[in-house]
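All remarks here apply to the structure that follows.
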Amino acid sequence: MFKTIKNLYRSITEKDNIVSKPASAKAPKKSFYDLKIKNLTGKKEINFSDFAGKKVLLINTASKCGYTPQYEDWQQFHEKFGDKVVVIGLPANNFLAQESGTASQIEEFCQMNYGVSFTITEKVSVSGSDKNPVYKWLSEEQKNGWNNLEPSWNFCKYLINEKGELTHFFGSNIKPENPSFKKALGF
């Protein structure tokens, strides 16, 4: 009985944590490719226009979260599919101060524990009055054309297609091996 309840809960939460772009979505008022953000050290600007023609997966990350081991999953995904999908981690301290470290502490943590080589940006806010412009675009319908969901916790994901359109939102529990995630990528 417990296994049945657990499987039911898992299927409900996974289903509820994936939202796809509806056919009725409007064109974004501002292009994803117009967005920029600094890298983790703040010394280099990352221009999203550099990713035109590739899928982009944006993940709000944290070093002290139950989902933190996903760094390993997304690093393996990056190693396998990095030529087709750009993975970008955006450290955020919005949820229970689970990313309170400095840039150098975050970098050291990601390298030493998970060997992260995908792009990590400066620390951002993913919600509230200080929400980063990237997350404003990702989570405000008037900017992206359809989606109003902002991260509800760490390790939420947004998928951008090769044309710079937001196509999916994935909740924290979604990992690379999830069948719906693979389908969204066309794998």
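The letter at position 130 of the sequence shown is residue 130 when you use this note's numbering, and the numbering goes up by one with no holes. The C-beta atom is built at its ideal place from N, Cα and C for all residues, glycine as well. None of these values were measured; they are calculated from a predicted model.
Check whether residue i and residue j have beta carbons under 8 Å apart
i: L166; j: K30; result: no
i: Y135; j: Y71; result: no
i: E122; j: I37; result: yes
i: G164; j: Y33; result: yes
i: C65; j: F169; result: no
i: K54; j: V87; result: no
i: N60; j: L90; result: yes
i: T119; j: I46; result: yes
i: A25; j: G145; result: yes
i: V124; j: P151; result: no
i: L149; j: L57; result: no
Endpoints, the beta strand (DSSP E) within which residue i is located
i: N144; result: Here N144 belongs to no beta strand (DSSP E); instead the alpha helix (DSSP H) covers E141 to N144.
i: F170; result: L166 to F170
i: K157; result: K157 to I160
i: S104; result: Where S104 is concerned, there is no enclosing beta strand (DSSP E), although the alpha helix (DSSP H) it sits in stretches over A103 to Y114.
i: N20; result: The displayed chain sequence assigns Ser, not Asn, to residue 20. It spans I18 to S20 - the beta strand (DSSP E) in which S20 sits, taken as one unbroken run.
i: T61; result: K55 to T61
i: V90; result: According to the sequence displayed, residue 90 carries Leu and not Val. Segment V85 to P91, the beta strand (DSSP E) holding L90.
i: I174; result: Taken as a continuous stretch (DSSP letters only), I174 belongs to no beta strand (DSSP E), as it is neither H nor E.
Neighbour-count burial assignment, residue i, 16 or more Cβ in a 10 Å radius
i: Q111; result: exposed
i: L96; result: exposed
i: S139; result: buried
i: G171; result: buried
i: T68; result: buried
i: P179; result: exposed
i: T4; result: Because the pLDDT at T4 is just 44, under 50, the model does not fix this residue reliably, and the value given afterwards should be weighed accordingly. Classification for T4: exposed.
i: N132; result: buried
i: K182; result: exposed
i: Q142; result: exposed
N- and C-terminal bounds of the alpha helix (DSSP H) containing residue i
i: F77; result: Q70 to F81
i: N47; result: It is not in any alpha helix (DSSP H) - N47 instead sits in the beta strand (DSSP E) that spans E45 to N47.
i: K183; result: P179 to L185
Residues near residue i by beta carbon distance below 6 Å, same chain, minus five either side
i: S49; result: Y33
i: P176; result: D73 and F77
i: G42; result: E122
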